[in-house]
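Novice:
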Amino acid sequence: MKEKDVCILIPTLNEETTIAQLIRDFRSEGFNNIVVIDGHSTDNTRELAKAEGARVILQKGKGKGQAVQEAFETLDCAYLVMLDGDGTYLASDVHAMVAPLFEGRAEHVIGNRLSNFEKGAFPGFNLMGNKLINLLFSMAYRQNLTDILSGYRAFTLDVYKSFDLKRMGFEVESEMTIQSIKLDHSIEVVPISYLSRKSSARTKLNPLKDGFRIGKTIYVLARFHNPMFYFGIIGTLFIVSGLITGIYVVDQWLKGITRIPMTVLTALLIMSGFQMFVLGMLSDLMVSMHMETMRLLRKRDKYGKQ
Ligand SMILES: Nc1nc2c(ncn2[C@@H]2O[C@H](COP(=O)(O)OP(=O)(O)OP(=O)(O)O)[C@@H](O)[C@H]2O)c(=O)[nH]1
Ligand SMILES: [Mg+2]
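In the numbering used here, the protein residues as written are 474 to 779.
#1: Measuring alpha carbon to alpha carbon, tell me which residue in TYR667, LEU638 and MET570 is nearest GLY560.
#2: Could you tell me which of LEU769, SER501, GLY503 and THR485 sits nearest to LEU531, measuring between CA atoms?
#3: Closer than 8 Å: is that where the CB of ARG670 sits relative to any heavy atom of ligand 1?
#4: What residues in its chain sit with their C-beta under 6 Å from that of PHE704, if we drop five residues either side in the sequence?
#5: DSSP state of THR629, grouped into three classes?
#6: Pick from PRO700, LEU587 and GLN542: whose alpha carbon is nearest that of LEU755?
#7: Using the rule of at least 16 other Cβ atoms within 10 Å of the residue's Cβ for burial, across every protein chain shown, is ILE665 buried or exposed?
#8: Would you mind reading off the limits of the alpha helix (DSSP H) that contains PRO680?
#9: At a cut-off of 8 Å, is GLY753 close to ligand 2 when judged by its beta-carbon and the heavy atoms of the ligand?
#10: Looking at C-alpha atoms only, which residue of ARG578, PRO680 and LYS634 is the closest neighbour of ASP600?
#11: Could you give the residue range of the beta strand (DSSP E) that holds ASP566?
#12: Can you tell me whether DSSP reads PHE636 as helix, strand or coil?
#13: Relative to ligand 1, what is the chain-ordered list of residues with a Cβ closer than 6 Å to any of its non-hydrogen atoms?
#14: Using the rule of at least 16 other Cβ atoms within 10 Å of the residue's Cβ for burial, across every protein chain shown, is ALA524 buried or exposed?
#15: Going by beta carbon distance, what residues of the same chain come within less than 7 Å of SER611, once the five residues before and after it are set aside?
In structure tokens, the structure reads:
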């Protein structure tokens, strides 16, 4: 029975409407090692979770990211499944989540919500925002993982212990996915269901603010993985600005007016833009060499010195 080797980790902040039922659901699926890491809820979340027999940890810092990192450092289960406590994920999907780990096919499993979600599960522009972030991610990291913002995850011990999450809030899912790609973990995506939030439970996610933060995290961290993408975007912005001022300069010149400062600015913008591409190419080379070295070191650690 491998189920007893699995910890179910649920980060919570004021989830009293859903937490008790969620814990009961996991028990009836045969998973009894349930850990709730709570962000100082002001409702009855902690009491309800304790009453259902879960281990409750009060997080030391703030935000979902900090809570999850703290739990990863504290726990020692062979397998860890993580999911939100807001009742939007189903306990019955846990079997599909852990199967790739048990069968040794993967070390990090992502539950894909996009293939089967309830109407209203992605309110407003959330679905569009989600798809846009996934597109940005696949361009930056050259891997299409379908639903990188999914909160339903499963990991082996080695994988969750290797995470060093620095971002405190809702960037946690993107950050752990990026670290897994960097560390060459085998990732598998499995389809799961996604339900809408109960009307009595309030979201803590601010689609605009958090969406922007997540996008920024993906872009900024791409500097260390795909520098051509990072510098290429800056370079393109420079060149496009240079072309705009250039069109203006030519237009004025055709009318018999010479705009010297604007001409200098145009040349500078276009030259700086091309320089960004050169920087991107050089950094790409450095990153590939570094990755190759790291891969060799990991191989040596795994199979011993040869
Ligand atoms: N420990 C802890 N948990 C948090 C914190 N903020 C949010 N959570 C929990 O993290 C999970 C995800 O938060 P949600 O508000 O559902 O965010 P989301 O799922 O991205 O957004 P929705 O699509 O609106 O559900 C929930 O179980 C929250 O209770 C926090 O600061 N600390
Ligand atoms: Mg949620």
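Cβ atoms here follow ideal geometry from the backbone N, Cα and C, with glycine treated the same way. Note that this is a predicted model, so its numbers are computed, not measured.
Specialist: Answer, in terms of the structure:
#1: The residue labelled residue 560 in the question sits at position 87 within the sequence shown. Checking every option, the nearest Cα to that of GLY560 belongs to TYR667.
#2: Translated into positions along the sequence shown, residue 531 becomes position 58. The residue with the shortest Cα to Cα distance from LEU531 is THR485.
#3: Numbered from 1 along the sequence shown, position 197 holds the residue referred to as residue 670. Yes, Cβ of ARG670 sits closer than 8 Å to a heavy atom of ligand 1.
#4: What you label residue 704 is simply residue 231 of the sequence shown in a count that begins at 1. The residues are MET749, LEU752 and GLY753.
#5: Translated into positions along the sequence shown, residue 629 becomes position 156. DSSP, reduced to helix, strand and coil, places THR629 within a strand of the structure shown.
#6: The residue labelled residue 755 in the question sits at position 282 within the sequence shown. Comparing Cα positions, the closest option is PRO700.
#7: By 1-based counting over the sequence shown, the position of residue 665 is 192. Residue burial is scored here from C-beta neighbours: ILE665 has at least 16 other C-beta atoms within 10 angstroms and is therefore classed as buried.
#8: By one-based count along the sequence shown, residue 680 stands at place 207. Segment 680 to 694, the alpha helix (DSSP H) holding PRO680.
#9: Residue mapping note: residue 753 aligns to position 280 of the sequence shown, counting from 1. No, since every heavy atom of ligand 2 falls outside the 8 Å radius drawn around the Cβ of GLY753.
#10: Mapped onto the sequence shown, residue 600 falls at position 127. Per the sequence presented here, residue 600 reads as Leu, with Asp not at that position. Ranking ARG578, PRO680 and LYS634 by Cα distance to LEU600 puts PRO680 first.
#11: The residue given as residue 566 occupies position 93 in the sequence shown. Run containing ASP566: none; DSSP gives neither H nor E here.
#12: Indexing the sequence shown from 1 puts residue 636 at position 163. Taken through DSSP and simplified to helix, strand or coil, PHE636 comes out as coil.
#13: Having a Cβ closer than 6 Å to some heavy atom of ligand 1 are PRO484, THR485, LEU486, GLU488, ILE510, ASP511, GLY512, GLN532, LYS535, GLY536, LYS537, ALA540, ASP557, GLY558, ASP559, THR561, GLY624, PHE643, ARG670, THR676, LYS677 and LEU678.
#14: For the purposes of this step, residue 524 is taken as residue 51 along the sequence shown, with counting starting at 1. Classification of ALA524: exposed, given that the 10 Å Cβ count is below 16.
#15: Position 138 of the sequence shown holds residue 611. These residues qualify, in order along the chain: ASN617.
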